[in-house]
Amino acid sequence: VLAATGHGYFVFVLNGDDGSVIKKLSATEWPDFHVDERETQTRVRVTLNPALRQILILGRTGLMAIDYDGEKMWFHDRTREISEYPQQAEQVAFATFGDFLKVESAVPSPDGTRVAYNENRYFASWQDQFGIHPLWRNEPQILDARTGQMLLRNVSDPGSNDTWWLSWPEGSPDPHINAKNLSAPLQFSGVKDADGIDQGKLGTFIPPKAPSLKIGGKAVRTHASVQRLDETGQLLWEIRDKLFWVQETDRFNESDTRLYRSSRDGLVRCIGLTDGKVAWEYRMPVAARILPVADDGVILSSRNGIVAKLNAAGNVVWQKRLRDLHEMPAMKYSEYLAKMLDRDRDATPEFFPIFVDTPDDFTDVLRMGMEQLDNGDFEKDGSWTASSGELRFDSQARSGKRSLRLALGQLAVTPVERRIVPSATYLLEFYYRIESEGAKLVAGARLDGEKPVFTLSTFKGRAGEWTFGRLAMKSMADTASIAIGFEATGGEVLVDAASLRPIRFPSANLLSNLELHRIEPTHPEDFRITYSRIPGGLKNKLLHQNNVTSFLQATPLGALIFTEEQAYLQNGRLDDVGTMWCYRPDPIGFGVVLKQPAYVSHLVIYLNNALPDTVYPFLSIQANDMTTKLPETVAVVRGNRRRFIVVHFPETLYTDNLKILPGKTRTQRDSITEIEVYGPVGGPDMLTNKRFTADPLAMPMLMG
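If you want my numbering, it's the position in the sequence shown, counting the first as 1, plus 2.
Structure below.
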């Protein structure tokens with residue numbers, strides 16, 4: 003059984019015998035948003051291709067094909083095209099996370115071997131005194147239904163505001179594009195483009211033809227009438243009245259002898275196509291969806307939850323109201339929903355790129371320093387102390403012979419006995435296992451200098467499973483000592499294989515500013531109060547240095563006041579920037595401005611550790627091309643669930659400006675707290691081999 007949530011975008015594959023969940027996955031990578039304030043109803047089209055036992059899911063980032071067992075077959079991924087700003091569009095007017103392609107429709111061929119697919123692309127624009135005018139075009143394609151390989155792509159649409167929808171008539175070798183009142187076959191041309199894909203061509207445009215009936219002739223339907231024509235086009239009969247009929251809900255029975263229609267106000271009518279007489283009528287509360295079943299019966303459903311089955315005579319066999327069948331949970335519905343979502347394992351990472359913290363994230367991306375913890379594997383006694391009670395160890399370990407077992411509310415701490423590197427980034431990595439539902443682990447560090455600084459975060463997981471955790475922290479310029487701690491809340495937690503290592507970046511941080519670092523962040527209790535958190539002289543000096551700026555991805559309509567301090571994004575401190583940058587619900591963007599062009603190999607983004615569930619899932623990174631002097635999309639971060647993001651550029655960039663554009667997330671849920679930029683001092687020649695040599699002493703270090 004294939005099921006989907008009514009307002010969200012989860013798809014469930016259910017066991018038809020007992021209703022158990024075989025697989026749960028997101029039908030699309032991101033939901034629709036209501037002016038970026040919040041998620042809104044996200045309706046995803048699902049089409050069956052029975053010939054291949056295939057389910058086609060038309061998400062916002064492409065076309066997904068899964069089989070009837072819920073296994074992924076292929077994904078026609080369009081994320082890069084969606085986020086990449088068109089080269090022929092106006093380049094310098096604004097910067098935003100892209101919405102430059104819309105996935106529109108998909109239909110399988112009658113034999114199931116191919117899929118016709120259409121997308122609408124923003125490919126150019128022009129600007130005048132009235133603003134920017136986008137130009138969109140339809141780009142229909144034909145895919146191999148078994149592999150998802152693109153066989154044909156047609157870009158002959160010169161640009162219009164009309165969105166084509168696709169059909170594949172029975173017996174036709176070609177799909178048809180339908181543009182308002184005209185239709186044309188999409189055919190192979192035999193001419194291939196630079197990617198080896200057939201360029202395709204459109205056949206002769208003709209008015210769309212109504213499909214033939216199995217009993218002969220055609221049924222021509224409008225919102226006000228039904229006509230039956232014979233094979234020669236002669237009128238046999240006509241029914242016309244003043245009701246408004248919803249054509250999208252029209253259905254024929256299996257033998258094409260009956261037509262079922264629903265009016266806008268809920269009248270359902272059954273028309274005999276042989277003689278044109280009304281067989282029966284039935285009143286639903288509102289417009290109904292219609293499903294013909296065996297023996298000329300029909301199932302009706304409406305938006306208010308009424309579901310009814312009628313027999314061939316139009317008599318009610320049964321009728322139910324869904325809310326009467328709904329079992330109200332004993333707890334708050336939001337809590338119940340969260341519990342149910344946690345109950346069924348989310349298989350979305352099997353279908354879409356989802357990035358959670360894993361031990362191998364930075365292999366061949368970052369060099370790490372020496373291990374800083376003694377007894378991080380808990381294999382011997384000592385090094386760790388407990389805030390209360392005695393430390394306990396457990397033979398159930400992720401690696402080795404034992405792990406640390408933390409009781410409810412117990413805190414275990416160990417000091418770092420090695421020399422502290424000032425203004426450096428350290429990664430605390432570990433495995434943990436939640437022992438009961440509701441239990442969580444708090445992990446972090448106390449960094450002592452002139453004043454103590456805490457970097458902490460909360461980690462949760464599935465009970466009984468080992469989960470990898472990572473926490474990025476930064477030492478202050480005056481940090482003299484560091485202590486690492488783990489604390490269990492809500493229940494017992496096992497911890498194992500803890501590690502603390504500094505990162506060895508390829509250069510000093512290009513955004514490092516010691517004057518900013520010395521200023522202790524301040525925050526007004528009332529965010530409506532504005533005052534200068536950074537001295538005016540330093541702000542003016544930043545204009546002539548490498549700096550980070552913030553901006554709205556939309557054009558502000560009124561006075562713009564930022565409630566956060568953009569200078570805090572490069573002060574070498576974490577978790578000092580809040581979630582709301584401005585009062586308006588507009589998406590925020592961040593720019594890295596370099597006073598002169600530099601080589602960039604790593605863009606490092608720190609998200610707020612204090613808000614573990616508030617992360618940017620999608621980011622688009624643009625950089626100025628120093629040759630064309632135009633911005634270019636150089637990276638897309640997608641499916642992110644991490645709080646420490648490293649965007650690595652294997653081909654080193656030479657640029658003077660980077661833009662970080664969060665997208666597809668609620669506004670006023672912002673989470674960036676620090677931005678760093680690194681690059682080889684001598685340019686790309688310093689990274690010729692791009693491989694790390696053995697360096698057991700981990701020297702020298704550039705900690706940034």
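Don't be surprised by glycine CBs; every beta carbon is placed ideally from N, CA and C.
The criterion of a C-beta distance shorter than 8 Å is not satisfied by P633 and D578. Under the 8 Å Cβ criterion, the segment 592-605 does not count as touching the segment 309-323, having fewer than three qualifying pairs.
D258 and L275 do touch by the CB rule: their CB atoms are close to 7 Å apart, below 8 Å. With distances taken between CA atoms, A97 lies nearest to G591 out of S483, G591 and W170. For Q598, the three-state secondary structure derived from DSSP is strand. Two segments are said to touch when three or more pairs of C-beta atoms, one from each, lie closer than 8 Å; by this definition the segment 45-56 does not touch the segment 676-683. By the 16-neighbour rule on beta-carbons within 10 angstroms, Q89 is exposed.
Sixteen is the threshold: when 16 or more other Cβ atoms of the shown chains lie within 10 Å of the Cβ of E431, as they do, the residue is buried. The three-state reading of DSSP puts D267 in coil, since its state is none of H, G, I, E or B. The continuous alpha helix (DSSP H) containing I84 extends over residues T81 to S85. Counting along the chain, the unbroken alpha helix (DSSP H) around N542 starts and ends at G538 to L544. Per DSSP, reduced to three states, the secondary structure at A569 is helical. Annotation for A441: no alpha helix (DSSP H) segment contains it, and DSSP assigns it neither H nor E.
Here K182 is exposed, its C-beta having fewer than 16 other C-beta atoms within 10 Å. In this structure, V109 sits near S169, with a CB-CB distance shorter than 8 Å. A straight line joining the alpha-carbon of A569 with that of T551 spans about 8 Å. Sorting V648, D359 and A399 by C-alpha distance to the C-alpha of G466 places A399 at the top.
Burial check for I607: the Cβ neighbour count within 10 Å reaches 16 or more, so the residue is buried. In the displayed model, Y585 falls within coil according to three-state DSSP, outside both helix and strand.
Look at T350 here: in three-state DSSP terms it is helix.
The way I'd put it, the segment 352-360 does touch the segment 19-32; three or more beta-carbon pairs between them come closer than 8 Å. Excluding the 5 residues flanking it on each side, T616 has same chain C-beta neighbours closer than 7 Å at T581, N610, R671 and S673, in chain order. Rounded to whole angstroms, E494 and T469 show a C-alpha spacing of 15 Å.
Taking D79 as the centre and dropping the five residues before and after it, the same chain places the C-beta of G64 closer than 6 Å to its C-beta, in chain order.
With respect to Q572, L513 sits close: the two C-beta atoms are nearer than 8 Å. Beyond the five residues adjoining it in sequence on each side, A147 comes within less than 7 Å, by CB distance, of N51, L54, Q56, P110, G114, T115, R116 and V117 in the same chain, given in chain order.
Going by DSSP, D396 is part of the beta strand (DSSP E) stretching over R394 to D396. Per DSSP, the continuous alpha helix (DSSP H) segment holding H519 begins and ends at L516 to R520. Counting only the Cα atoms, D346 lies some 28 Å from D396.
Here Y119 is actually not in contact with F102; their C-beta atoms are around 17 Å apart, not less than 8 Å. From the listed residues A290, A474, I24 and I563, the smallest Cα separation to L576 is found for A474. When R266, V638, S501 and F14 are compared, the shortest CA-CA separation from Y87 is found for V638. According to DSSP, residue pairing for V418 in a beta bridge does not occur. Here V13 is buried: its Cβ has 16 or more other Cβ atoms, across all protein chains shown, within 10 Å.
Distance from the CA atom of L410 to the CA atom of A126, rounded to whole angstroms, is 59 Å. In summary, I563 is exposed, with fewer than 16 beta-carbon neighbours lying within 10 Å of its beta-carbon over all protein chains present.
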